[in-house]
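**Student:**
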Amino acid sequence: SQTIHQWPATLVQPVGSPLSLECTVEGTSNPNLYWYRQAAGRGLQLLFYSVGIGQISSEVPQNLSASRPQDRQFILSSKKLLLSDSGFYLCAWSARGLRQFFGPGTRLTVL
Amino acid sequence: GQQVMQIPQYQHVQEGEDFTTYCNSSTTLSNIQWYKQRPGGHPVFLIQLVKSGEVKKQKRLTFQFGEAKKNSSLHITATQTTDVGTYFCAEMKTSYDKVIFGPGTSLSVIP
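Respectively, the protein sequence lines represent chains A and B. Counting in the numbering used here, the first sequence tops out at residue 111, every number present. Counting in the numbering used here, the second sequence tops out at residue 1111, every number present.
(1) Looking only at C-alpha atoms, which of A1068(B), Q1003(B) and V1044(B) sits nearest to Y1087(B)?
(2) Distance, Cα to Cα, N1024(B) vs W35(A)?
(3) Would you kindly report the start and end of the unbroken beta strand (DSSP E) that includes S65(A)?
(4) For the segment 1090 to 1102 of chain B, enumerate the residues whose C-beta is nearer than 9 Å to any C-beta of chain A, in chain order.
(5) Name, please, each residue of chain B whose Cβ falls closer than 9 Å to the Cβ of S94(A).
(6) Which residues, in chain order, does the segment 1025 to 1038 of chain B contribute to contact with chain A at a C-beta distance below 9 Å?
(7) Does the beta carbon of P1008(B) sit closer than 8 Å to a beta carbon anywhere in chain A?
(8) Among the candidates G103(A), L111(A), V110(A) and R107(A), whose CA atom is the shortest distance from the CA of H5(A)?
(9) Would you tell me roughly how many angstroms separate the C-alpha atoms of Q154(A) and Q45(A), rounded to the nearest one?
(10) Looking only at DSSP bridge pairs, what is P1043(B) linked to?
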């Protein structure tokens, strides 16, 4: 069966520090991969999606970036965090044309 | 751009009462998906509707897709405390399987 992992589960970082969040999927090949951000009590904002290794599409211009160095690995990064980057970051995967499966998420607090 | 709206934003009900959330789009939807997110958790897929006028049931949950494919509803009969959470409608786009989420309806159930 397929599983999706995210780490860390929680993270507290100072403003201006770098960020690296990792997401890995097991049990499937060539999945679509997605990064979402959810502000407290708000909806899901699609940040990036990828349909293959090295292929990244950005939905919202910001100081975040994403990379997909391996088929089942998706990384969200920032060189310098802003206060507004705080939120709940969710990784998700889907097979072609089917539903999305979400990881457990990372709660990021930027101080 | 196309937006999916949901009403109400919040709903508080007594346990045993019914609950309905509505999803509306200004453009025709190719499909509608529903997800549930428990407090502190990640979204979990509930169902997908594709056909005009489609109705699907899952125990106490009834999902409808409008005849014009511009709206959808989720109705819960006799709510229980386990129904607490935020319910999101979403459309899976045909391009790269992007899922565009509505803002969600947060349901509280008072025991």
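Glycine residues also receive a C-beta, built at the ideal position from the N, C-alpha and C atoms. Predicted, not measured: the structure shown is a model, and the values here were computed from it.
**Tutor:** On the basis of the coordinates in this document:
(1) V1044(B)
(2) 25 Å
(3) Its beta strand (DSSP E) spans residues L64 to Q70.
(4) A1090, M1092, T1094, Y1096, D1097, K1098, V1099, I1100, F1101 and G1102
(5) The answer, in chain order, is M1092, D1097 and V1099.
(6) Q1033, Y1035 and Q1037
(7) no
(8) G103(A)
(9) Given a span of 1 to 111 for chain A in the structure shown, any question on residue 154(A) remains unanswerable.
(10) Q1037(B)
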